[in-house]
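Colleague: One structure coming up, written as structure tokens, with questions to follow.
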Amino acid sequence: MADTTDKPGIQRIYEKASMTAEALLKKKLDAIVSLNREPDGWLAEVELVERKSIPDTQDILGRYEMMFDLDGELLSYKRIMLRRRSDMETVAEEV
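Numbering of the sequence shown is given in my numbering, commencing with residue -15 and proceeding in unit increments.
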């Protein structure tokens, strides 16, 4: 079994996803929607402001999947959704 004591935990990956999303995509982070440990790394879903509007309920948000390896290095990202901030969505929350 591999030693994972020096691997970043969820807090460090959360910080890495926040910084990486803004730096790479040059957009303001709105939220980290989910962050899950996968067998080969971490899968984060983040929302960024694609277009600012007035009123802000009309902002366009882009949701991106970001895959990080177990060391916290970004492997891939893709936009999976665009929506207005005011659009409602049904989301199951895990605790």
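Ideal Cβ positions, reconstructed from N, Cα and C, are used throughout, including at glycine.
Within 10 angstroms of its Cβ, does glutamate 8 collect 16 or more other Cβ (buried), or is it exposed?
Modeller: Residue identity check: residue 8 is leucine in the sequence provided, not glutamate. By the 10 Å Cβ count, leucine 8 comes out exposed.
Colleague: Starting from the C-beta of serine 37, find all residues in its chain whose C-beta is less than 8 Å away, skip the five residues before and the five after it, and write them out in chain order.
Modeller: Taking serine 37 as the centre and dropping the five residues before and after it, the same chain places the C-beta of Asp43, Ile44 closer than 8 Å to its C-beta, in chain order.
Colleague: In this structure, what does DSSP give as the bridge partners for lysine 62?
Modeller: Glu49
Colleague: Using a Cβ-Cβ cutoff of less than 7 Å, which residues in the same chain neighbour isoleucine 16 once the five nearest sequence positions on both sides are dropped?
Modeller: Tyr(-2), Ala1, Ser2, Ala28, Val30
Colleague: Could you check where the alpha helix (DSSP H) with isoleucine -3 kicks off and where it finishes?
Modeller: From DSSP, the alpha helix (DSSP H) with isoleucine -3 extends over -6 to 9.
Colleague: Under DSSP, the beta strand (DSSP E) around aspartate 14 begins and ends at which residues?
Modeller: 12 to 22
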